[in-house]
Amino acid sequence: MARARLAAGAGIGLRAPHHEELVRRRPPLALVEVHSENFFGEGGMPLAALERAAALYPVSLHGVGLSLGSADPLDERHLARLDSLVRRFEPALVSEHLAWSSIDGRHANELLPLPFTPEAIAHVAARIARVQDRLRRRILVENISTYLEFDERAMPESEFVAQVARRSGCGLLLDVNNIHVNSVNHGFDPIGYLDAIDPACVAEYHLAGHEPWELGLADTLSRRVAPEVWSLFGAALERIGPRPTVVEWDLDIPALDVLLDEASKAGALLAASARTVAA
Ligand SMILES: [Fe+2]
């Protein structure tokens, strides 16, 4: 199931409630993205469902459990399962989060932030390089939403993200909603963030919804994309250019048509950006 070069169009995060309807209706989408760990089991329904979707769309495997930034050794069992999924589906994209979620073998349900220091860059970049060697392909890492900052922070988040990509040779999955959420929570300029990123490293965008909470914004992936995030996406397209873009929705999952509507808005912006680049 080898894939041709992925078009810079819009897709959706495919979750269980929509598998059947998507395959039946076959709406036009540039890609579908699934959480890798949901397909680690042998056989059964999920793999069969993914086979059906993969016959219709390019697939992106998006991981949440590799704990790239952890001080624990990389989980070889997890990597072996991911490797076998990659061999089976030959996905267009494979990504993980620039975060950690385990310590001393205990796993948290959250994606936790790394300190923005040269030591953390060296640590996580070496681990990303090992994962890429193991999978024999480049992976993308995604910027996460955060609600705290470390005192030992030596650089802005954007520089940290940019340097991790440069040092490890990985690509970036820029989550535009996470940049907006962090810019509100930590008081930085989101346009300056985009300007610090090398466009050549960016291989995918994420769009999603957030909600207000007492300390700022929470990246809940439970709503439509906010107007501020659409406008930041427009700024990213101007500075970085069009890339495959996935609309994510993980909580209070709505009807498939709502996701398709968000994806079609993203697709229109991507197409307009591609016309500008070509002109
Ligand atoms: Fe994301």
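One point on numbering: in this note's numbering, the residue at position 98 of the sequence shown is 98, and numbering is uninterrupted. Glycine residues also receive a C-beta, built at the ideal position from the N, C-alpha and C atoms.
(request) Verify the contact flag: residue 142, CB atom, against every heavy atom of ligand 1, threshold strictly below 7 angstroms. (result) The sequence position of residue 142 within the sequence shown is 142, counting from 1. Checking every heavy atom of ligand 1 against the Cβ of residue 142, one is found closer than 7 angstroms.
Once the 5 residues before and after residue 190 are set aside, which same chain residues still bring their CB inside 7 angstroms of it? Translated into positions along the sequence shown, residue 190 becomes position 190. Excluding sequence neighbours, residue 190 sits near 179, 180, 183 and 232.
Burial state of residue 277 (16 or more Cβ within 10 Å): Sequence index remark: in the sequence shown, residue 277 carries index 277 (1-based). The residue is exposed, with fewer than 16 neighbouring Cβ atoms inside 10 Å.
- Task: Spell out a yes or no on whether the stretch 249–268 and the stretch 21–32 are touching, meaning 3 or more CB-CB pairs, one atom from each, closer than 8 angstroms.
- Result: yes
7 angstroms CB neighbourhood of residue 186 in its chain, flanking five on each side removed:
What you label residue 186 is simply residue 186 of the sequence shown in a count that begins at 1. Excluding sequence neighbours, residue 186 sits near 149.
Margin query: I'd like to check one pair, residue 250 with residue 15: are the Cβ atoms closer than 8 angstroms?
Written below: Counted from its first residue, the sequence shown places residue 15 at position 15. Counted from its first residue, the sequence shown places residue 250 at position 250. Result yes, Cβ atoms of residue 15 and residue 250 sit closer than 8 angstroms.
(message) Tell me whether residue 262, by its Cβ, gets closer than 7 angstroms to a heavy atom of ligand 1.
(response) Stepping through the sequence shown from its first residue, residue 262 is reached at position 262. Not under cutoff, so the answer is no.
Exercise. Any heavy atom of ligand 1 closer than 7 angstroms to the CB of residue 206?
Worked result: Translated into positions along the sequence shown, residue 206 becomes position 206. For ligand 1, at least one heavy atom lies less than 7 angstroms from the Cβ of residue 206.
- Checking contacts by CB at 8 angstroms: is residue 270 closer than that to chain B? Checking the listed chains, one finds no chain B in this structure; it contains a single protein chain.
On a Cα-Cα basis, can you pick out the residue from 55, 90, 146 and 41 that is closest to residue 97? Taking the first residue of the sequence shown as 1, we reach residue 97 at position 97. For the residues 55, 90, 146 and 41, the minimum Cα distance to residue 97 belongs to 146.
* Asked: Just how far apart, CA to CA, sit residue 59 and residue 85?
  -> By one-based count along the sequence shown, residue 59 stands at place 59. By one-based count along the sequence shown, residue 85 stands at place 85. Approximately 11 angstroms between the Cα atoms of the pair.
Distance, residue 106 Cα to residue 69 Cα:
Locating residue 69 in the sequence shown gives position 69, where the first residue counts as 1. Locating residue 106 in the sequence shown gives position 106, where the first residue counts as 1. Residue 69 and residue 106: Cα-Cα distance of roughly 14 angstroms.
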